[in-house]
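Start counting at 1 in the sequence shown, then tack on 745, and there's your number in this note's numbering.
Ideal Cβ placement from N, Cα and C applies to all residues, glycine included.
Computed from a prediction, not measured in an experiment: that's the story for all the values here.
Everything below concerns the one structure shown next.
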Amino acid sequence: WVHYSGNCYLFHEIQNTWESAREYCLGLDADLVSIPSAEENAFVTDRISGNAWIGITDQESEGVFTTFTDGTPVDFQNFTGTAFRRWGEAYNCAVIRLSDRQWSWKDCGSQYLAVCK
């Protein structure tokens, strides 16, 4: 675990689906990471080794994501300019990309790293 700004983070290096990654975090009394600021976005991307799941999904209501899975309001967003030109309804879970530090929608069944908070 890594401490930052009053929170603890675990950078899980095993790739999983979004649901499996979230279950892993919940099993540690954590959740997939919420990212409420540009500073925290930089902190996370400085420590990931590849694209990683974050705690945003619109599986329940297409295009609606007002809170992270841990209940934190989505006041800060860092989606790519093309993030909302999705390739069908399967793209309902968000990753943070190592290459450009931006967020992107992906198929929830894809395999990525996870960040727990």
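Taken through DSSP and simplified to helix, strand or coil, C753 comes out as strand. At a Cβ-Cβ threshold of 8 Å, L858 and N786 do not count as neighbours.
Within its own chain, the residues whose Cβ lies closer than 8 Å to the Cβ of L773, once the five positions on either side in sequence are excluded, are L755 and C861, listed in chain order. Ranking G800, F788 and Q760 by CA distance to the CA of L771 puts G800 first. One thing to note: R846 has its Cβ no nearer than 8 Å to the Cβ of T814.
At a Cβ-Cβ threshold of 8 Å, T762 and S855 count as neighbours. Runs of the beta strand (DSSP E) lying entirely within the stretch 787-817, each at least 3 residues long, are 797-802 in chain order.
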